[in-house]
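Numbering (the numbering used here), first residue to last: 5 to 280.
For glycine and all other residues, C-beta sits at the position ideal for the given N, C-alpha and C.
This one's a predicted model, so the numbers in the text were calculated from it and none came from an experiment.
Working notes for the structure below.
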């Protein structure tokens, strides 16, 4: 783009030297915006007093074409592509356990800073289906080997994780979207019989694992936490030292089409969004 502008500028200079042009017109680009819109800038900086600190209030305003050294974002409202859902974070066992070591004053300050309308107002929230790398231990919601899921219980999450999620939801705006992800199926459902270090879900447990998602979503929604959607697997191509499970794109598609999708539909959860 820069080269093109230089070529055009050179052409006009040559043309003006070769011909008598009575007048040159300079046309300035203007960027028109809704002047009512305001921006709050929050800053976190290591080694300073800024920890999610409000450092600037700014307004959108009509401006000339910015220089290359100026930071600017251009949005054409007449041309739409993907939908931007929002920005957010995850509440894991680790974050919830640390959160409940804070004083009540600090807990309120934390929740409002991240989820409050006067804070950064997160619009996305994710949590894990049983344990992940940010858990104090590896665990599931069933006893090992329970293919029928008769022992399913989310009791583990009631101490810290569920209360923190509820606090976040009560402080956030109505637009907060809550979704869930598993890091690994239970060990007995995998070929390597281990929740850690990758491995694959065995086909004979596809239906059991699909019902596991449905039971989790229903259990959380029964606690007053509406679930917007889910991912089939966290980092499906990564073999991690912690809870992980590997899928190819074709394996995810097959599992969704033939097992997870039909199960969600059967359980009245067919409206849940699948993130892949």
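Query	Result
Closest Cα partner of residue 167 within the set 148, 229 and 246	229
Straight-line gap, residue 119 to residue 234 (C-alpha atoms, nearest Å)	20 Å
Residue(s) in a DSSP beta bridge with residue 233	183 and 277
Simplified DSSP state of residue 63, which is helix, strand or coil	strand
Pair within 8 Å by beta-carbon distance, residue 164 and residue 97	yes
Validate contact between the segment 181-191 and the segment 237-257 using beta carbons, cut 8 Å, 3 pairs	yes
Alpha-carbon to alpha-carbon, residue 268 and residue 215	8 Å
Nonlocal neighbours in the same chain, by C-beta distance under 8 Å from residue 276, ignoring five residues either side	221, 231, 232, 233, 234 and 268
Where residue 133 falls: helix, strand or coil (DSSP)	strand
Length of the line joining the Cα atoms of residue 69 and residue 89	29 Å
Beta-carbon spacing of residue 201, residue 195 below 8 Å	no
Cβ-Cβ distance between residue 63 and residue 44 below 8 Å	no
C-alpha gap between residue 264 and residue 58, whole angstroms	44 Å
Cβ pair residue 183, residue 257 closer than 8 Å	no
Integer-rounded CB distance, given that residue 218 should sit under 8 Å from residue 180	With 8 Å as the limit, residue 180 and residue 218 do not qualify as a contact, their Cβ atoms being about 22 Å apart.
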